[in-house]
Every structure is written in C-alpha cells, then in structure tokens.
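Student: Take a look at this one; I'll ask things after.
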Amino acid sequence: MKNNKNISGAEAVIKSLIKENVDLVFGYPGGAIMPVYDEFFKFQDKVHHVLTRHEQGAVHAAQGYARSSGRVGVAITTSGPGATNLVTGIADAQIDSTPIVCITGQVSAHLLGSDAFQETDIIGISMPVTKWSYQITKASEVPVAIAKAFYIAKSGRPGPVLIDITKNAQFEMFDFNYKKCIGIRSYSPIPKIDKNKILDAAKLINAAKKPLIVWGQGVIIANAEKEFKSFVEKSGIPAAWTILGASALPTSHELNVGMVGMHGNYGPNILTNQCDLLIAIGMRFDDRVTGDTNSYAKQAKIIHLEIDPVEIDKNIKVDVPVLGDCKESLAMLSKNIKTKSYKNWLKIFDDLMKKEFNKVIKNDLSPKKKGLTMGESIIAINKLTKGKAIIVSDVGQHQMVACRYANFIESRSNITSGGLGTMGFALPAAIGAKMGAPKREVVAVIGDGGYQMTIQELGTIFQHKLPVKIVILNNDFLGMVRQWQEMFFDKRYASTEMVNPDFVSIAKAYFLDSEKVENRSDLEPAVKRMVESKKPYVLEICVEKEDNVFPMIPSGASVSDIRLE
Amino acid sequence: MEKKTLFTVSIYTENNVGLLNRISAIFLKRHINIESFTTSECEIENVFRFIILVEMTHSGINKVVKQIEKQVDVIKAFYHTDEETIFQETALYKVKSNSLFEEREIQKFIKKSNARIITVNPEFFVIEKTGFRNETDKLYNDLAPYGLLQFTRSGRIAVTKSKMGISEILNTFKNQKKK
Ligand SMILES: Cc1ncc(C[n+]2csc(CCOP(=O)(O)OP(=O)(O)O)c2C)c(N)n1
Numbered sequence: 336m337k338n339n340k341n342i343s344g345a346e347a348v349i350k351s352l353i354k355e356n357v358d359l360v361f362g363y364p365g366g367a368i369m370p371v372y373d374e375f376f377k378f379q380d381k382v383h384h385v386l387t388r389h390e391q392g393a394v395h396a397a398q399g400y401a402r403s404s405g406r407v408g409v410a411i412t413t414s415g416p417g418a419t420n421l422v423t424g425i426a427d428a429q430i431d432s433t434p435i436v437c438i439t440g441q442v443s444a445h446l447l448g449s450d451a452f453q454e455t456d457i458i459g460i461s462m463p464v465t466k467w468s469y470q471i472t473k474a475s476e477v478p479v480a481i482a483k484a485f486y487i488a489k490s491g492r493p494g495p496v497l498i499d500i501t502k503n504a505q506f507e508m509f510d511f512n513y514k515k516c517i518g519i520r521s522y523s524p525i526p527k528i529d530k531n532k533i534l535d536a537a538k539l540i541n542a543a544k545k546p547l548i549v550w551g552q553g554v555i556i557a558n559a560e561k562e563f564k565s566f567v568e569k570s571g572i573p574a575a576w577t578i579l580g581a582s583a584l585p586t587s588h589e590l591n592v593g594m595v596g597m598h599g600n601y602g603p604n605i606l607t608n609q610c611d612l613l614i615a616i617g618m619r620f621d622d623r624v625t626g627d628t629n630s631y632a633k634q635a636k637i638i639h640l641e642i643d644p645v646e647i648d649k650n651i652k653v654d655v656p657v658l659g660d661c662k663e664s665l666a667m668l669s670k671n672i673k674t675k676s677y678k679n680w681l682k683i684f685d686d687l688m689k690k691e692f693n694k695v696i697k698n699d700l701s702p703k704k705k706g707l708t709m710g711e712s713i714i715a716i717n718k719l720t721k722g723k724a725i726i727v728s729d730v731g732q733h734q735m736v737a738c739r740y741a742n743f744i745e746s747r748s749n750i751t752s753g754g755l756g757t758m759g760f761a762l763p764a765a766i767g768a769k770m771g772a773p774k775r776e777v778v779a780v781i782g783d784g785g786y787q788m789t790i791q792e793l794g795t796i797f798q799h800k801l802p803v804k805i806v807i808l809n810n811d812f813l814g815m816v817r818q819w820q821e822m823f824f825d826k827r828y829a830s831t832e833m834v835n836p837d838f839v840s841i842a843k844a845y846f847l848d849s850e851k852v853e854n855r856s857d858l859e860p861a862v863k864r865m866v867e868s869k870k871p872y873v874l875e876i877c878v879e880k881e882d883n884v885f886p887m888i889p890s891g892a893s894v895s896d897i898r899l900e
Numbered sequence: 159m160e161k162k163t164l165f166t167v168s169i170y171t172e173n174n175v176g177l178l179n180r181i182s183a184i185f186l187k188r189h190i191n192i193e194s195f196t197t198s199e200c201e202i203e204n205v206f207r208f209i210i211l212v213e214m215t216h217s218g219i220n221k222v223v224k225q226i227e228k229q230v231d232v233i234k235a236f237y238h239t240d241e242e243t244i245f246q247e248t249a250l251y252k253v254k255s256n257s258l259f260e261e262r263e264i265q266k267f268i269k270k271s272n273a274r275i276i277t278v279n280p281e282f283f284v285i286e287k288t289g290f291r292n293e294t295d296k297l298y299n300d301l302a303p304y305g306l307l308q309f310t311r312s313g314r315i316a317v318t319k320s321k322m323g324i325s326e327i328l329n330t331f332k333n334q335k336k337k
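Same order as they appear, the protein sequences are chains F and P. Under this note's numbering, the first residue of the first sequence carries the number 336, and numbering increases by one thereafter. Under this note's numbering, the first residue of the second sequence carries the number 159, and numbering increases by one thereafter.
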C-alpha cells in the first residue's frame, strides 16, 4: 500500500483491517470513534460498514458472520454506552468460542480516569469475558495491537478480543507499517499432540464393546468435518452431538444418533450411562449436557479430544486426554483403529428412538390437536429449504425444537447461542450469518419473547436489503420459562405471558414482506412463499400456547433420568 | 470434602497493563479469597512474577492455575506447597519511642526474635522482622500489649526448590520463530 507515511491512527485502523482481509464490519458511530468512521467513509469501496440499530445487534451480527463463514467478525462502536452495549455479545462469543474483534472508541488519553463524557472502563468491564484486550493510547500501537487481536481471536480456541482506542491515538499521525502476527511468546494456542495418548485412545476404542462418541463445536471450529466423518465411519461408533456441534455430520447419517443434553434425544442420553467408552470430541461437558456430573458416564472409560487444556478434567474426569487440534488428532486416531461395526449396540439406539418417536416426536410432527406445533413448523422449513438452510435460532423452546428437528446436510448450518443462552441473539446473528454465507438461505427461528429484544434490527435488514428469512414461533408466552413454571412451580405463571403487538404490521412498517399463519393447511404454502422470495420475509406462525418440549432432563438430574413426558 | 491446603502460586508474565485484573478476576469468579499477592520483575528482563498465596483444594488449584496459564500474556504458571518452596514475609512494627526506653521487655523481644530496628526518631521507632508467618505473628503478639502505632505485613515472597525453566520456554519460542 502506498501513502503509508504520516497517516492518522484512524486511517491505520482501516488499513490494518484491510491487511487482515476484513471487507465487512458491523457497528454504530459516536463521538469517541468519529475519526475512524471518517476513514470508513473514505475507504467504503474496500470495507463495507453495516449500521445496525443497536450495538448489541452489531456484536451478534459479527458473531453470526464468524459462525457461518469461519472468519473473524468485527464490531465497532463508540465509547461509554456504545461499548457497554457490546458486553452481552462479547460474553456470548467467549463462552461459545467465537472469533470476533471488537473495536471501541475511548476518550483521549489525558482524560482517562477523569470521568469524562462517555468515559467508561470498558477494558475493565470486559476483561473477564474477553480472550484478550488492549487499550491503544498512541497511534504507533494501532498496527501491532490489531495484528495481535486478529491472531489471538482466531488461533487455538477462538474467542472475542477487544481493542479500545483513545481519541488522541486516532488523530495522531505516524508512519504506518503492518506486520501480521504469527506468534506470541507467552501464548501457545495449539498443544502438541502426544502420540502415546493417541495409541492409548486407539487401544480403548479397539477394545470397546459399547462405545459412544459425543462431539461438539470443536469439530466445526477445527474444520475437521472430513476427518471426523472418516473416524466415525471407520470406527463404526454411534455419534451424538451437543447443540453447538449440530450439522458437523449430516443429520441423516446412519451413525448420527441425535442430540445429547437437557432436551436432547432419549437414546444418547440414556446410553451415556450404559456405554463402556465415551469419546468426547471438541466439547466441554457443559452442565446442560451432563446433568448431574456425579452420575454421568461413571461406568465408562472416557477419551477427550480437546484443544484447550483447561477443559481437561474441568467438569468430568477423563481417562485419556488427547490435547491438540482435533483435525490432526482425529486423522491420527483413524489410522490406529480397526474398522468395526456395532449392530446390536446401534439397535438399542434405534429402539429408544422408536420409544421417543411414539411418546414425543409423533405428536410434535403430526399433531392430532388443532393448534400448530413448533415441530411441524421446523419440518416445513426443512422440507421447503431441502435441508440446505442455515438455521439461526434464538433461545427458548423454539431453539430446542429447531435443533431437535432441523435436518442438516452441510456443516455450519446451526447457529445459536449455546453457552450463554442470549435471547435476542438470532435476529442480528442471522444478518451476520447471511453476510458471511451470502449464497446460502438463512432462516432465523425466533420466539415472540426474544424477537422483541432486538426487533429493531429489522431496520438494518431493510436498509441493507438483506434477504434474511425470519420465522416467529409465537406462543404468546416466554415459553421455556412457562414450561418450567408448569413443571416445577405448580403452574404459577409469574410474568411469562406476553401481550404481543401485531408482528406483521411491524414488519410491514419496516417495508418488509410479512404474513401470519394460524392454520395447518396454510403452513406449507406460507413457508414456500417465504423460501421462494428473493427478499427479506417475516413469517409469524401462531403455535399452541402451552406446549412443552420433551424429552427433558430436569436440572440437576442424571442423564439417565431423562423424561419423555 | 477434599482437604484445603495453602498453595504458593507463581505466575510469570509479560508486563501488560490489566493482567493483574485478569488474574484476580479468575479468583473472583470462583469466589476464592486471596491470602496475599505480590508482584515484581523477576530474573529475566521484562518478565514479571506474581506470587499469590491461596488456600484451596488440590483439584481446585489445578483448575485455577490452568485458567491463569491460559491467559495470553501469561508465560507460565505453577503452584507449590510449602514443602516445595522457600518463602518469607516481612513485617514492620511502628512503636512509640518512649516505650523502647521505659519497657525493657521490648528490647528483649527484639533481640530474641532477630528483628532489626530500622528507624529511630524522638516520637517512634520502626522494627522490621523477616521470617515465617508464625514468627512475625509472635513478635506482633509480644509487642501489641505495649501499643503498636502501626503494623503491616508484606505478601509472601518465595522461590521454589525445583527449576522453573522460563528462559527455556522463551528460547524455544525464539528458535521456532527463526525456523
Ligand atoms: C437475555 C435473556 N433474558 C432472559 C432469559 C431467560 N429465558 C430463557 S428462555 C426464555 C423464554 C423465551 O421466550 P420466547 O422468546 O418467547 O421463546 P419460547 O421459549 O416461547 O420459544 C427466557 C425468558 C434469557 N435466556 N436471556
């Protein structure tokens, strides 16, 4: 790049982003970041800036972008309230290992600590929920800090990084020189694989009679879908997924035995406590997956393939930890295992699936009652998108139903807030997901509660003409909380009933196509119109008000105490 | 319940503003009380060493130290029991000057405890004692009846009996970069 002599810190920010191959950022301007916005204006042919309607929308969009594309998402805001509005998204990205870089403006260095207008200690506030953060007070620090930020955000176990830039540093002039970061001496993101552990793991796998694989998002983050599939197929071992692992292996794969965890499938949960070997891959034994850890897979030997040393023995003690990048360790493991199959063992999964089908799935998907179910809505979306859509779900009953019944063919098709369970995530995340994978259909599935937490992002969708498809599964309740009240609080529905506005009118006020479905016969035609539209579309589906999501492991109970009703 | 033990946590870090916050947040998040905390530059230029004293279970300290080591600017973190370290604390005791002359016992305590008088002026004098916690405690208990104007004790400083190998880690990085 020419003309790098004597440029401003603000220009250096944009030039650094360009050096990191960033061509898209999500953000919201304000006083302390205006010099940088002025440079966005000058460089708009190189870096596209999407103006969201709230900073939380910007950070969730950056997360959605990162999750659908595998690249680093970028969100940029002003100081003070602009910065604090990012915190929920940063915490979400931290717990779901999403690579994002957040850039915030800050008051001038000489004002730091003076309670200046819109000064807030965002470094301090965000520290516990960032992988790394840095405050730039001199222009010369811009290229070094941004290079480090991108390297740290995406290497090893990814996560959010925050860079806070004081206003004087944005104005200051200096000679720009960019060097990509290729290593940091205090940071080793990818542990070296210990070959002995591979051999130990292979020995256990080769000797197992009733093994079970549980995989998580690690497989997707490592781009290890191919290696994973080969491993599953050669080993012949039934494989179950955590909510964030969904779609790494196609739903219809014969060895895919479903989802584990609180609202997962019956079979893999029950059989977690009957298998003789549990192979955990790129997952972290979250309590929503394990239930009571004192009665989790106690009978089994456990192998854990994991990139982050802190996860080893954190929640569940394992027999063979295999630290390293699972793309490599899976390939090594495949070489050392025998080709096997487990007919009788798989039949037990099938039998339990039949039981779940009869008790739960049948009623969800082919209901006898008049009201529509969330399950049949998801099936209609599957059918009309041919299972090719990216499903971005919010948080609640609809999320569990979407993950349970979505039919995934391609990886990176399930984007949801898993670890933090952030209501309001889906609408902005769908914006980012669409921009990260423009060729793919993106369908956001959202409850009437969560929708209204970030509903203003309809404005972003309209302004930037983003053909995102939005499905509101409206039960006029904060459904998931209502379900708990029904089951554990004697139906005392404290503050969970929602008196809702007319969602169609709201969408139309944003000049978006929209319709509402109340009857079964209208469901598929309406979903078809939505899918066939080349424009953004808001479809409100009115579903049964008081349906519950089953199976369910009551919180604190064991996975084998999973309930079908 | 697993037994709690006193551990000396040693953390080698880059000099990065905010790291102190990051490390203390790891304890805060888990509701763990820190007994003492000191930091200084160590034997390697620009590398800092934090020494933190905590009482925890063995499995707990193992997890916490892994979380600390995970921080980008932390080079390496260790934890050791008292048997594995050589450690000291320093205490300062400020006493009214006239009690030094009027109370003969005080002079005896100072001599017996191997403490030093580091300042004397007409109003007060200051005693310094470096040693184990029970030693500085004993001197405190001995002096307290005569009236202490001020008392303060440093955090633990410690070196380990075993090697830390920080220079080796840093050199490996240098060599990798050359390749
Ligand atoms: C920001 C936030 N606040 C509160 C909650 C707690 N919570 C979890 S699910 C849920 C209800 C969600 O209701 P809705 O969006 O209508 O979806 P439904 O469960 O009905 O499908 C609530 C309030 C949360 N997860 N996130």
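Note that CB positions come from ideal geometry on N, CA and C, so glycine has one too.
If we count the other Cβ atoms within 10 Å of its Cβ and call it buried at 16 or more, is F376/F buried or exposed?
Tutor: Within the first sequence, residue 376/F is the residue found at index 41, counting from 1. When all chains shown are included, F376/F counts as exposed.
Student: How long is the line joining the alpha carbons of M788/F and A557/F, rounded to whole angstroms?
Tutor: As a working mapping, residue 788/F is identified with position 453 in the first sequence. As a working mapping, residue 557/F is identified with position 222 in the first sequence. A557/F has its alpha-carbon roughly 32 Å from the corresponding atom of M788/F.
Student: In chain F, what lies closer than 9 Å to I210/P by C-beta?
Tutor: As a working note, residue 210/P is residue 52 in the second sequence. Chain F residues near I210/P: none, gap ~17 Å exceeds 9 Å.
Student: Just to check, is the beta-carbon of N608/F closer than 6 Å to a non-hydrogen atom of ligand 1?
Tutor: For the purposes of this step, residue 608/F is taken as residue 273 along the first sequence, with counting starting at 1. No, since every heavy atom of ligand 1 falls outside the 6 Å radius drawn around the Cβ of N608/F.
Student: According to DSSP, is C516/F part of a helix, a strand, or is it coil?
Tutor: Within the first sequence, numbered from 1, the residue matching residue 516/F stands at position 181. DSSP places C516/F in coil when its eight states are reduced to three.
Student: Please list, in chain order, the chain P residues whose beta carbon lies closer than 8 Å to that of S468/F.
Tutor: Position 133 of the first sequence, counted from the first residue, corresponds to residue 468/F. Under the 8 Å cutoff, chain P gives G176.
Student: Taking C-beta to C-beta, are G440/F and I368/F nearer than 7 Å?
Tutor: As a working note, residue 440/F is residue 105 in the first sequence. As a working note, residue 368/F is residue 33 in the first sequence. Cβ atoms of G440/F and I368/F: closer than 7 Å.
Student: Taking V357/F as the reference, give the member of Q398/F, R406/F, Y363/F with the closest Cα.
Tutor: The residue given as residue 357/F occupies position 22 in the first sequence. Comparing Cα positions, the closest option is R406/F.
Student: Keeping to the same chain, check which residues put their C-beta closer than 8 Å to that of V839/F; ignore five residues upstream and five downstream.
Tutor: Within the first sequence, residue 839/F is the residue found at index 504, counting from 1. Once the five neighbours on either side are set aside, the close Cβ partners of V839/F are S849, E850, K851, V873, E875.
Student: Alpha carbon to alpha carbon, how far is F267/P from G289/P? Give it in angstroms, no decimals.
Tutor: The residue you call residue 289/P lines up with position 131 of the second sequence. The residue you call residue 267/P lines up with position 109 of the second sequence. Cα to Cα, the separation comes out at about 15 Å.
Student: Compute every distance between the C-beta of V816/F and the non-hydrogen atoms of ligand 1, then say whether any falls below 6 Å.
Tutor: Working through the first sequence from its first residue, we reach residue 816/F at position 481. Correct: V816/F has its Cβ closer than 6 Å to ligand 1.
Student: Based on the DSSP secondary-structure assignment, which residues constitute the bridge partners of Q470/F?
Tutor: As a working note, residue 470/F is residue 135 in the first sequence. Bridge partners of Q470/F: D499/F.
Student: Have a look at D450/F, H445/F, T465/F, D686/F and flag the residue whose alpha-carbon is nearest the alpha-carbon of I438/F.
Tutor: Residue 438/F sits at position 103 when you count from the first residue of the first sequence. It is T465/F.
Student: Does P463/F come within less than 7 Å of chain P when only Cβ atoms are used?
Tutor: As a first step, residue 463/F must be located in the first sequence, where it is residue number 128. Between P463/F and chain P, the shortest Cβ-Cβ separation is below 7 Å.
Student: So V727/F and A768/F are in contact, right, with Cβ under 8 Å, and what is the actual spacing, rounded?
Tutor: Along the first sequence, read from residue 1 onward, the residue named residue 727/F stands at position 392. Along the first sequence, read from residue 1 onward, the residue named residue 768/F stands at position 433. Yes, they are in contact, since the Cβ atoms of V727/F and A768/F sit about 5 Å apart, within 8 Å.
Student: Counting only beta-carbon atoms, is R520/F nearer than 7 Å to chain P?
Tutor: For the purposes of this step, residue 520/F is taken as the residue at position 185 of the first sequence. R520/F counts as touching chain P.
Student: Quick one: measure Cβ to Cβ for L359/F and H395/F, integer angstroms, because I've assumed they're closer than 8 Å.
Tutor: Counting from 1 along the first sequence, the entry for residue 359/F is found at position 24. Counting from 1 along the first sequence, the entry for residue 395/F is found at position 60. Not confirmed; about 15 Å, so no contact.
Student: Taking 7 Å as the threshold (beta carbon to beta carbon), is P526/F in contact with chain P?
Tutor: Counting from one through the first sequence, the residue named residue 526/F turns up at place 191. It does not; no Cβ of chain P falls within 7 Å.
Student: Looking at K162/P: is its Cβ nearer than 7 Å to the Cβ of T215/P?
Tutor: For the purposes of this step, residue 162/P is taken as residue 4 along the second sequence, with counting starting at 1. For the purposes of this step, residue 215/P is taken as residue 57 along the second sequence, with counting starting at 1. Closer than 7 Å, so yes.
Student: Quick one, are the C-beta atoms of A484/F and I498/F less than 7 Å apart?
Tutor: Position 149 of the first sequence, counting from 1, holds the residue named residue 484/F. Position 163 of the first sequence, counting from 1, holds the residue named residue 498/F. Yes, the pair counts as a contact, with Cβ atoms nearer than the cut-off.
Student: If I'm right that R314/P touches I209/P with Cβ under 8 Å, what's the distance once you round it to whole angstroms?
Tutor: Position 156 of the second sequence holds residue 314/P. Position 51 of the second sequence holds residue 209/P. At roughly 6 Å, the Cβ-Cβ gap stays under 8 Å, so R314/P and I209/P are in contact.
Student: Could you please give me the residues that DSSP links to F283/P through a beta bridge?
Tutor: The residue you call residue 283/P lines up with position 125 of the second sequence. V253/P, V278/P, per the DSSP bridge assignment.
Student: Taking 7 Å as the threshold (beta carbon to beta carbon), is P644/F in contact with chain P?
Tutor: Translated into positions along the first sequence, residue 644/F becomes position 309. Yes, contact with chain P.
Student: For H189/P, does the count of other Cβ atoms within 10 angstroms reach 16, so buried, or fall short, so exposed?
Tutor: If you number the second sequence from 1, residue 189/P lands on position 31. Exposed.
Student: Using a cut-off of 7 Å between C-beta atoms, extract the partners of K649/F located in chain P.
Tutor: By 1-based counting over the first sequence, the position of residue 649/F is 314. Near K649/F (Cβ distances below 7 Å), the residues of chain P are K221.
Student: Would you identify the three-state DSSP class for G814/F, choosing helix, strand or coil?
Tutor: Counting from one through the first sequence, the residue named residue 814/F turns up at place 479. Helix at G814/F.
Student: Could you list which residues in chain F have their beta carbon closer than 9 Å to that of N179/P, in chain order?
Tutor: Looking up residue 179/P in the second sequence gives position 21. Identification of chain F residues near N179/P by a Cβ-Cβ cut-off of 9 Å yields I458, G459, M462, P463, ordered along the chain.
Student: Please state if the CB of R207/P and the CB of Y170/P are separated by a distance shorter than 7 Å.
Tutor: For the purposes of this step, residue 170/P is identified with residue 12 of the second sequence, where counting begins at 1. For the purposes of this step, residue 207/P is identified with residue 49 of the second sequence, where counting begins at 1. For Y170/P and R207/P, yes; Cβs fall inside 7 Å.
Student: For I276/P, count the other beta carbons within 10 Å of its own beta carbon; 16 or more makes it buried, fewer makes it exposed. Which is it?
Tutor: Residue numbering aside, residue 276/P sits at position 118 when the second sequence is read from its first letter. Burial call: exposed.
Student: For Q798/F, verify whether its CB is less than 6 Å away from any heavy atom of ligand 1.
Tutor: For the purposes of this step, residue 798/F is taken as the residue at position 463 of the first sequence. No, ligand 1 has no heavy atom inside 6 Å of this Cβ.
Student: Going straight from the alpha carbon of A704/F to that of S856/F, what length do you get?
Tutor: Working through the first sequence from its first residue, we reach residue 704/F at position 369. Working through the first sequence from its first residue, we reach residue 856/F at position 521. First, the amino acid is wrong: residue 704/F is Lys here, not Ala. Between K704/F and S856/F, the C-alpha separation is close to 13 Å.
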